Amino acid sequence: MGNKINFWFISSLLISALVAIPIITVLGSFFEPISDYYNILKKTFLIDYLTNSLFLLIGVLFITFVIGVGCAYLVSFYIFPAVNFFKWALILSFAVPAYIYAYSLTAFFENYGTVFAILNNLFGEGNYNAYIPKFDGLLGAIIAISFSLFGYVYVLTRASFHYQSQNLVELGKNLGFSKKRSFFNIILPSARPAIVAGLSLVAMETLSDFGSVSYFGVSTLTTGIYSAWISFDDLTLANRLSSYLLIFIIGLFILENLSRKKAQFHTSSKGGHRTKTLIKLNGYKSFLAFIFCFTIFLISFLFPVTQMLYWTIIFPQHLENLDVFKLFLNTINLVIISSFFLIILAFISNYGNRVSKSKLLQILNTISISGYAIPGIILAVAFITFISWMDSNIINYFEMGSIKSFFIGSTLGLVLVYFIRFYSLANNGIKSGYAKINYSIDEGAYLLGYSKFKTFKNIHVPYLKNSIFLVSILLTIEIIKELPITLILRPFNFETFATKAYLFASQDLLEAAAAPSLILIIIASFFILITSRYILKE
Amino acid sequence: MTSLLSACFANEVNVFSSRHYESDIKLYKKFTDQTGIKVNVISGKDEALQKRILEEGKYSKADLYITSDAGNIVTFDNKGMFQNSMSPIVEKLVPSNFRGNNWVSITKRARILFYSPDRVTRDDLNNLSYEDLANSKWQGRIVIRQSNNIYNQSLVASLIFNNGKEETSKWAKGVVNNMSRAPKGNDRAQILAVAAGEADIAIANTYYYALMLSGNKGAEQKLAAKKVLPFFPNQNNRGTHMNISGGGILKYAPNKDNAIKLIEFLLTKEAQQHLINNTFEYSIIDGVEPHELIKNMGLDFKQDLETDIASYGKNQSDALEIMLNAKWK
Amino acid sequence: MKKNFLEINNVTFSASSQNKINNVSLTIENQGDIVCLLGPSGIGKTTILRTIAGLEKNNSGTITLKDRILSSKEIQVEPEDRNIAMAFQDNSLFPHYSVFDNIKFGAERNKNKKKGLEINDIIKLLHIENIKDKYPHQISSGEAQRASLARSLLSNPDLLLLDEPLSNVDQNFKEEIQVRLKQILTEQKITTIIVTHDSYEAFYLGNKCGIILDGHLKQYDDPYNIYHFPNSIEVVNFLNRGTLIEAKVTGENSLESNDLGKITGDFIKHYPKGSNVKLLLQPEDLEHDDASDLKLKVVDRKFRGTNFIYTLKTSSDKLISVFVHSHHIHQHEIEEKFGIKRPIHIDHIVCF
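Residue numbers (numbering that gives the first Met the number 0), protein chains in the order written: chain S, 0 to 537; chain Y, 0 to 328; chain G, 0 to 351.
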């Protein structure tokens, strides 16, 4: 028994250590001397970083709350035209990363942009630019991030509404509440844990955003971190800024965790899970509901897709010049390697928890899944800091060649950091699969003479095939969209659709960014549709 | 004999380039066709490329680092990562103030003003200089991109070179005061802003204007470009601020000879013509006519050949400091 | 000294800190013996099985099977190495395999041992042919229990542990399955411990029964002895088979009760003359006699098919039960007087 525990401990320990690297590195920056830049920064832009990050956060939280809860409410309780379509169509917003959304906003609304072109073609020459609203800067970033992230609130709230007992609705009726009062006093509060969990996720991702804020020129903590590292060559400064960001994030992380646990207990067991009788809307109400959902769908998905499609069509040379196959191959490469390690280790960790029931193991497990909360850019920069530190110390000790090239600008380094970021997804995916296997099944297998390994191989793995598949798909979607880590750590001449789009956009070739953006959205949409049934059931 | 020998080895040259033109790739192909040397291009943003070269140090496989803006080149040179990139051919073709020992310019561009003829009079333009833009008469009428952009930093660096830190600091504060909006967008967005009526004068590089007029950015931007006119400032003193694209051979370049060959190739008339026809820049060597659209902007303007473009690098951190202190976003 | 097949020595079983069964010692002497454990639900009988199987740890005492120590303070053999099979209460069939494949898993362990039952025989014996290609979620809980049972039987272990194996099987079916189960176990000489709350089942299936009450193994004996010679009031109450009435010992073979008069019979345990005891009175101990002068009031009557059970109230308001054959000439209604033959003679007198 002793040997077997050691194995689980070691692998869980390793994973936790890996995840802990960025956190420790970031905190370690407090012990390093501060450069001059920090002082300049403090005088001038640090306040800006903080206030921009804060305004961004508040704006996004507000919008995602309204859109997410609103849509979830409508599709969960009512029947109106195309409601079944909207149920899954609204999830497609996940296919559009915020930075691509940002490009679409610019392309559409800028002076002499697509809106101008449309108006020009429809109504002839005119001074339209003055009347076209420009969604850029902080406002643009808020919009871009909101519409790409509201899906989290939507999905979680919808799940909560879905599992709410019919009793709640009837209770409202019995008390003579109007629909509005029912909503605010009964339905909304009961979904509170789910909503909070969704908003916490949104908040973490918002603070983590790099692509859209850097594109819009909004100075936030993430852009500050990036500049400190790449322009000022000041890793200490970069990590110091990271630590400020991490403090924000830790608070949110705790909040999200607590809420998610509460959300599980909120599924009411009384009255069981009777299918709700949905209320059919008539007349103008039905029309309003339709318009609301359609508008959100339009803005969050149709709009960026159409904009990108439009540009791909009128500037076809960029599509021709794009090595689509190679980009696709690169992405698939990353996905396969990452998924492979992620799933294996997620299995090992989950199995270890199942078999060992040790408290320490569970703590390690919690640490190892916290990587998802750390913004990608912090992960990447901290990782580089750590490797550089190791490199200079190891070189001193062992007089080996530089190890940096193994980890920085290599697929290995990239996969390692992906691992830290996405381990939670793999772990939770396998975990929820495992949760469906009653532990007595394991015991039954042991008592038929099955060794632990045989039980794992013949009982667990086949049963978890679906979970493995699902995790792979979700990982694919995330890796396709991932930007900051890939940007910083990728091997040279190794591009993904995301990095290609970003590079074009940041080099004043926005119309060239359209083709890779479009392809990214299409691939992501495809995978999202495959898993939509699972996402919705959750 | 050497070409036979070099044909025996993996004959290649590794170029790290932050220029993002498709036409460059086609040009490199021509080079390969002519010389048999394969050109491996690794493209990216400047900071990333530089960081990579620095990190890899002596393990770096980079032969040539090509970038825009003298500020970039010189600061990088000061980090000691270039080696002597000269050859007799290079020295003959490129004027001395457009090269250093370890780097050479390949093309030129100017950073000029674009104004709305509807709102800016001939009088306003009379002897207009960069320095004049701090004048309060331009309040709310100027657009320029953010301070983190290297082109702006080099412009300010050149002003420091010519006018000193203190003057330039005052100037920067004046310009910030005159901005019609907080800096956002790229150079083209500044031109578009003037066309749209959001400002009267934009500061941008010459090639962007030509690019818009060419229709490569769509019909609407061509339309917009027609609404503004270019103006070359400082004609009555030192001349218009010039900048360059260029590169240098890296210290630990594995294929130095091939790198020199490539540089020399890029300085041939044929290559220069190819380059500037596609990118709307000016040729660095004599005897090559720029693109029609550039010609239309006026070729007989006085270029600032006095300012040492190496100063763009030397004064860069001062320039940045001045801009930050002026709250230039 | 003859070695026992299974020895449980002074083991304390504990599922949680509240639920403990202390200092249990029991042995199974021979291979092929069947032991049934009875006790109220929640007391921890399942824990006993799980501990023997190695799924739970015991902190004290030893468990030895065929001369090999399985559990002790130092040693803890893994479940899969104990050659013990267990059928769980919630059956725990592998959800993604068909019933047939599930049962086949049992056969895999048996591969290298002597030939035992064939899989198809077991399936037939337990009446699960019609569901053998279905999946666990498609069958009833009773069918699942039988499938689980089949799987465990097929694995031919040294020791078989069954946790409420037939609790979900239909009543009309149950007896038949019990018969077949006993048949299989006896023929294959599979040593078995069965946990059940059904005392009839326990008495039928088991060579020995253990009664677990109040955190102890109260009595461990042949079923006959447990029924007829329960060793404590708690066991009596648990088996719910008789009433205890006050009586005074009047001689070597006699007692006197205020309610029922003189009672004669053989004492199992002798008490000094004059002592006040509680006498166990079972329904079959009393005979109905209309002619008797001992008449008690009928308060209830249950029809049980072969017999009636009359509940009578004594003068001291105690309720006692009496069996009367169904075919008795007449029936008595509630409130009527009911005669009991005097003097009462009980073959085995059990007193506390």
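The beta carbon of each residue, even a glycine, is placed where N, CA and C say it ideally should be. Everything numeric in this text was worked out from a predicted model, so none of it was measured.
Within chain S, no residue has its beta carbon less than 7 Å from that of I192/G; the closest one is some 13 Å off. Closest in C-alpha terms to L200/S, from the list I33/S, G67/S and I224/S, comes G67/S. The residue from P94/G, Q17/G, N155/G and L25/G with its alpha-carbon nearest to that of A84/G is N155/G. No residue range can be given for H459/S, since it is assigned to no alpha helix (DSSP H) and is classified by DSSP as neither H nor E.
Rounded to whole angstroms, I253/S and V234/G show a C-alpha spacing of 54 Å. For Q271/Y, the number of other beta carbons within 10 angstroms of its own is at least 16, and it is reported as buried.
A distance below 7 Å between beta-carbons, with the five flanking residues on each side excluded, links K65/G to the following residues of its chain, in chain order: F4 and D157. Contact between the segment 324-341 of chain G and the segment 273-284 of chain G is absent: fewer than 3 CB-CB pairs across the two stretches fall below 8 Å. Around the C-beta of S91/G, 16 or more other C-beta atoms lie within 10 Å, and the residue is accordingly described as buried. Cβ atoms of Y100/S and F61/S stay farther apart than 8 Å, at about 17 Å. In this structure K72/G is exposed. Its beta-carbon is surrounded by fewer than 16 other beta-carbon atoms within 10 angstroms. Cα atoms of K25/Y and F385/S: separation of roughly 40 Å, rounded to the nearest angstrom.
One Cα belongs to K260/S, the other to N22/G, and the distance between them is close to 41 Å. In this structure the segment 71-90 of chain Y does not touch the segment 202-218 of chain Y; the number of beta carbon pairs closer than 8 Å is below three.
Around I298/S, the same chain offers F146 as residues with beta carbons nearer than 8 Å, after the five sequence neighbours per side are excluded.
The beta carbons of E79/G and Y243/S sit about 52 Å from each other, so the pair does not count as a contact at 8 Å. The beta carbon of Y501/S is closer than 7 Å to those of Y98, G210, L482 and L486 in its chain, skipping five residues each way along the sequence. For D132/G, the CB contacts under 8 Å within the same chain, skipping 5 residues up- and downstream, are S97, V98 and F99 in chain order. V175/Y has its alpha-carbon roughly 31 Å from the corresponding atom of D299/Y. N100/Y sits in coil when the DSSP states are folded into three classes, being neither helix nor strand. Every alpha helix (DSSP H) of 4 residues or more that sits fully in the segment 107-189 of chain S is shown, in chain order, as 113-122, 136-161, 165-173 and 178-181. Y129/Y is not a Cβ neighbour of I200/Y, given a cutoff of 7 Å. Taking 7 Å as the cut-off, the beta carbon of A71/S is found closer than this to the beta carbon of Y153/S.
Close partners of N176/Y in chain S (Cβ separation under 7 Å) are lacking, with about 17 Å as the shortest Cβ gap. Straight-line spacing of the CA atoms in N161/Y and G245/Y works out to 23 Å. For F289/S, the CB contacts under 7 Å within the same chain, skipping 5 residues up- and downstream, are F79, P80 and A81 in chain order.
With respect to the C-alpha of I522/S, the residue from A497/S, S505/S, R180/S and A504/S having the closest C-alpha is A497/S. Chain order gives the chain S residues near E46/Y as I229 and S230, where near means a beta carbon separation below 7 Å. Chain Y places no beta carbon closer than 7 Å to that of Y501/S, leaving this residue out of the contacts.
Within 10 angstroms of the beta-carbon of S17/Y lie 16 or more other beta-carbons, which makes it buried. According to the DSSP assignment, K272/G belongs to no beta strand (DSSP E), since it is labelled neither H nor E.
Here C208/G really is in contact with L37/G; their C-beta atoms are around 6 Å apart, less than 8 Å.
Along the segment 216-230 of chain Y, going in chain order, the ones with a CB nearer than 8 Å to a CB of chain S are K216, G217, A218, E219, Q220, L222 and A223.
The Cβ-Cβ distance between A14/G and G43/G falls below 7 Å. Shown here, K91/Y sits in a helix according to DSSP, grouped into three states.
Pairing G351/S with Q361/S, the inter-Cα distance amounts to about 9 Å.
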